[in-house]
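One structure below.
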Amino acid sequence: METVAEDFAEARPKLFGIAYRMLGSVADAEDVLQDVWVKWQVQDRAQIRDATAFLVTMTTRLAINMTRTARARRETYAGPWLPEPVDTSADPQLGAERGEALETAVLVLLEKLTPTERAAFVLREAFDYPYSRIAEVLHSKEPAARKLFSRAKARIAAERQRSVDEGERRKLLSAFLSAAQAGDFQELESLLAAEAASYSDGGGAVRDALRVPVVGRTRVARFVAGFAARFWTDVRVDWVEANGGPAVLVTLDGAPRALLMVSGTGDGIDRVYWVMNPAKLAHIAARATVDGTT
């Protein structure tokens, strides 16, 4: 049992990274890992040559199954769905060889892929798995694995412009935060790309979260400036790292109110994300408290 536990512990960061990218939820990813752990303890390991490879295969297949049920739940989700933010200060790439498929903007787009397309994209883009190995995991042939990945990559590229680097994203978020707190419509408008959009995820539990996205530079600027006096009064603002990049945690009376993130292109901020669902803020707020941020 000691060896069983050691093998699982060694692989755990990678397993969580795969499950989280597939599901966009810390709770769902942890549920997958719990199932993997239970199955791993009773697995006949006589024929297993590579424990990590076996665990990755099990995790990916269970995540694919959960993705199908999660998609059905999200069809009735109240308002825009955003992935649950995850703290990456200790592991910026979340168990991966590369940090791809971790940004909120990418995770949102992954929701539009089929479960197998999503798995192929995550394994290849974030973990640099060869197509032959992806085919084994997905019970398919190598040409099919290549096609799944290329189709997924093309669909994401078609909807996403090239993102600015982390340093520039932090500058954009800092400028946006200052303008938002001041309710400065003109400054907000100057920071936004023409086709900017603002998404508020309150899960139906938060009055301030709109049920539909706000689209267009002027509309987003007017929306953000309009609620400045009410939203930013008496709150505490702290910088945290979420999903491999800068984010701002907003708390009111010690309780998390929102996590603010942006993505940007050469034209300015193209997406503004407000994670306001209390259930999705619990992990990142608890981590920030442990780290002494709030």
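Residue numbers (the UniProt record's numbering): 1 to 294. For every residue, glycine included, the Cβ atom is placed at its ideal position computed from N, Cα and C.
Have a look at residue i and residue j and give me their C-alpha separation to the nearest angstrom.
i           : j    : result
F176        : E6   : 45 Å
S132        : L113 : 21 Å
S198        : E159 : 16 Å
I284        : S263 : 19 Å
V212        : Y77  : 12 Å
A126        : T104 : 14 Å
A255        : A27  : 20 Å
T218        : R124 : 38 Å
Y286        : V235 : The sequence given here places Ala at residue 286; Tyr does not occur at that position. A286 and V235: Cα-Cα distance of roughly 17 Å.
P130        : L260 : 35 Å
N65         : E111 : 14 Å
A221        : E166 : 23 Å
W37         : A247 : 32 Å
D253        : I134 : 47 Å
R49         : A70  : 33 Å
S140        : L192 : 43 Å
residue 339 : R207 : Look at the range of the chain in this structure, 1 to 294, and you will see that residue 339 is not part of it.
I18         : G99  : 12 Å
Q47         : R155 : 39 Å
Under a three-way DSSP split, which group does residue i fall into?
i    : result
G17  : helix
P256 : strand
L82  : coil
A5   : helix
V237 : strand
G172 : Looking at the sequence provided, one finds Leu at residue 172 rather than Gly. Three-state result, L172: helix.
R217 : helix
A196 : strand
R271 : strand
S140 : coil
S178 : helix
P246 : strand
S190 : helix
Starting from the C-beta of residue i, find all residues in its chain whose C-beta is less than 6 Å away, skip the five residues before and the five after it, and write them out in chain order.
i    : result
L107 : G24, P83
D128 : E97
V137 : T57, T60
V214 : S198, V220, F223
Which residues in the same chain as residue i place their Cβ atom closer than 8 Å to its Cβ, once the five residues preceding and following it in sequence are excluded?
i    : result
D201 : G79, P80, W81, L82, A209, Y273, W274, V275, M276, N277, K280
F16  : A29, E30, L33, L94, G95
Please confirm whether residue i and residue j have their CB atoms less than 8 Å apart.
i    : j    : result
V164 : T265 : yes
E117 : L148 : yes
A194 : D267 : yes
A72  : R21  : no
R68  : P115 : yes
D44  : L62  : no
T52  : A9   : no
G245 : R169 : yes
V224 : A258 : no
A120 : A145 : yes
A196 : A228 : no
P85  : A205 : no
Any heavy atom of the ligand PLP closer than 7 Å to the CB of residue i?
i    : result
A205 : With respect to the ligand PLP, the structure shown offers nothing to examine, as it has no ligands at all.
In its own chain, which residues sit with a C-beta less than 7 Å from the C-beta of residue i, not counting the 5 before and 5 after it?
i    : result
Q161 : T265, D270
Alpha helix (DSSP H) runs contained entirely in the UniProt domain "RNA polymerase sigma-70 region 2" (10-71), provided each spans 4 or more residues = 26-41
>> Suppose only complete runs of 4+ residues qualify. What are the alpha helix (DSSP H) ranges in the stretch 105-138, listed by chain order?
In response: 115-121, 131-138
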